[in-house]
Amino acid sequence: YLTRIRNDGNPISEQEPWQFQEFLGGGTEYAAMIVVRENHLVTMTCCPSSASQLNYVHVEIPSIRKWLEDFMIGLKNTEHVLTGQICFDFMVLTEDNKKVAYPIECNPRVHTQCSIYNRDDVKALFGSLLLENNDEREQKMISLLERDYGNSTTGLKTNVYWFYNDFFKILPNSWLLNYNDGNDLMERNKILLMDQSYPSPRVALTALIYLPALIISIVAMLPVLTLFLLLPTEDLMGANLTTAEHLFAIYYKAMLFLDRLAYMNDNIEGDFWEYDPVPFIAKNHIQVASRLLASIRSGVEWKKLDFAIGKVVEVGGD
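Under the numbering used here, the first residue of the sequence shown carries the number 21, and numbering increases by one thereafter.
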């Protein structure tokens, strides 16, 4: 191998060294965002990582917090001063019966994960921490996040999501819609094994409230739905499920989506705020739509719409 890379013109030398990296397998990946002021960790949020991060449930991971605090201590022993918002990806492994966090990526920017600071009192405290941090406020933030999300990776409470991203998850992955992860087919097969359940009165009432909007949306989507019907089932859904089985899975996932809408106190839409709904309306119905039209006009190949940051995800793009 060393001979081949040397012949390819990319040899290992003192002038052009290579860095060995250890493969980390069998662990759990987390995404994290931190706020730092002069090498001091002000606040931190973690969540389980995924390929397309559009759902956030904060979890407190002690090994990650310890690594970050140790990193800040190390910075204080240098001439470097770090202030800002930083994103990390961590892999947490079990070594000698202890959880150990390994950083695998770092980006100096704000992350949509900051949407977990969503309760009014949490937002106010987050703003005050950005202006002036102290130990009392930092500890209060930890306790407020524990109140909203729990203090372990099980039994979590609040979930942050984006309305249209979760709405499109109701439908199976296809040539047009691809909002579910790679386990979607397995999940739909599991749904078929479940006992048929009926929606709760609260979910049924939510369905009635949204029924007019659903009817209007279906009418507006008739051209697209016609294409779905004209295509062969296996080409459309890439699965061996019958049409009836797909419809049942769609119904079940629709009930889960309505359950999220019925219990909005435990499911926070990333943009919607009852006191100012304009950002939710403008981003989803103007910004995203205009960016999609621009991509279609330019002929650039695209994969999906990112409703979290309001952009069209292009093939080969960031």
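Ideal placement from N, C-alpha and C gives every residue a C-beta, glycine not left out.
Closest residue to residue i among the options (Cα-Cα distance)
i	options	result
G330	E166, T114, S318, I301	I301
E80	Q105, L102, V223, D168	D168
N75	F327, A274, S220	F327
Q133	E115, E99, P68, D186	P68
L102	S135, H60, M284, D204	H60
I88	Y184, E36, V62	The residue you asked about is not Ile; residue 88 is Leu in the sequence shown. Of the candidates Y184, E36, V62, the one whose C-alpha sits nearest the C-alpha of L88 is V62.
N138	P128, S318, L164, E36	L164
K273	N200, G45, G170	N200
V333	Y295, M241, K210, N198	N198
P192	V180, Y181, I211	I211
L151	R57, K96, I238, R129	R57
D109	P219, L313, Y50, I25	Y50
L205	L231, G170, I190, H305	I190
P128	A52, L228, T98	A52
P219	V320, D279, D90	D279
I136	F40, C66, N209, L113	C66
K119	G170, L149, T48, D286	T48
G290	Y181, L149, P31	Y181
S217	M275, A227, S315	M275
E294	P232, D140, Q105, I235	D140
I104	S237, N153, G46, L312	At residue 104 the sequence reads Gly, which differs from the Ile that was named. Closest option to G104, Cα to Cα, is N153.
Residues bridged to residue i (per DSSP)
i	result
W182	Beta-bridge pairing links W182 to no other residue.
F110	Y50, P123
K160	In DSSP, K160 forms no bridge with anything.
E334	W322
G104	V56
E115	K118
Nearest-angstrom Cβ-Cβ length linking residue i and residue j, presumed shorter than 8 angstroms
i	j	result
C107	H78	In fact, because the Cβ distance is near 15 angstroms, the residues do not count as touching under 8 angstroms.
T178	I288	6 angstroms
F277	F187	6 angstroms
A282	V223	5 angstroms
M92	L44	M92 to L44, Cβ: 23 angstroms. No contact.
N304	Y230	The pair is not a contact, with the Cβ atoms about 15 angstroms apart (cut-off 8 angstroms).
R208	L261	7 angstroms
K323	V335	6 angstroms
Contact test: residue i Cβ vs the ligand NAP heavy atom, cutoff 6 angstroms
i	result
V112	This structure simply doesn't include the ligand NAP, nor any ligand for that matter.
Problem set entry | Any 3 or more C-beta pairs closer than 8 angstroms across the stretch 116–126 and the stretch 80–87 | yes
Problem set entry | Minimum length 3: unbroken beta strand (DSSP E) runs contained in the stretch 264–309 | If you keep only unbroken beta strand (DSSP E) runs of at least 3 residues inside the stretch 264–309, you get 287–289.
Problem set entry | Sequence ranges, beta strand (DSSP E) only - wholly within the stretch 31–101, length at least 3 | Secondary structure in the stretch 31–101: the beta strand (DSSP E) runs of 3 residues or longer, each lying completely within the stretch, are 48–56, 61–68 in chain order.
For this session: For the stretch 189–252, list the alpha helix (DSSP H) runs that are entirely contained and at least 4 residues long, ordered along the chain.
Result: 204–213, 221–240, 242–250
Exercise. With a cut-off of 8 angstroms, do at least 3 Cβ pairs link the stretch 140–159 to the stretch 263–270?
Worked result: no
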